[in-house]
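Shown next, in structure tokens, is the structure this report addresses.
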Amino acid sequence: LGSFWGIFGSLYSMIIFIVLFFTLVPAMIIFWVLTYLFSKKRKSAVQLSEDVSRIKENFSGSFKPTIKSAEVLKEPTSGQKEKELYTPRAQFCAHCGTKVSFEAKFCPSCGSEQ
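Just add 15 to wherever you are in the sequence shown, counting from 1, and you've got our numbering.
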């Protein structure tokens, strides 16, 4: 009776081994392939980042802003600031887009409040 269970025990362990072998080996192969592909993508992303950094360094020295006149850097004088504040500027109606004077409270075209 003992040898009877021994045969089934070895068959059972052989079946378990075959099932595990045919499930784990493909899983390990798939895992290896995915790891290889992702590491390749990661390497290409790192390479791309390095290339972008290198290109930025190459172009950073070649693009220098040129100022044609000193007028660009000058601060507006107090007279210019006051003139800008009190000069009536044209504005547009938010509702219909018609030109409306700066002081107007209502649009002359559609009548909406400004």
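Glycine residues also receive a C-beta, built at the ideal position from the N, C-alpha and C atoms. Remember, it's a predicted structure, so these values are computed and weren't measured experimentally.
Cα separation between residue i and residue j?
i, j, result
"Y51", "H110", "59 Å"
"A119", "Q129", "7 Å"
"L16", "M29", "Because the pLDDT of L16 is 48, which lies under 50, any placement of that residue in the model is unreliable, and the number read from its coordinates should be weighed accordingly. Their Cα atoms are separated by approximately 20 Å."
"K58", "L49", "14 Å"
"V34", "V40", "10 Å"
"E65", "F46", "28 Å"
"S124", "V61", "59 Å"
"S25", "I31", "10 Å"
"N73", "V67", "10 Å"
"A54", "I70", "For clarity, residue 54 is Ser in the given sequence; the question names Ala instead. Their Cα atoms are separated by approximately 24 Å."
"K56", "Y27", "43 Å"
Anyone know if the C-beta pair for residue i and residue j falls short of 9 Å?
i, j, result
"S107", "K114", "Contrary to the premise, residue 107 reads as Phe rather than Ser in this sequence. Contact: yes."
Hey, is residue i's beta-carbon within less than 9 Å of any beta-carbon in chain B?
i, result
"K120", "No chain B is part of this structure, which consists of one protein chain only."
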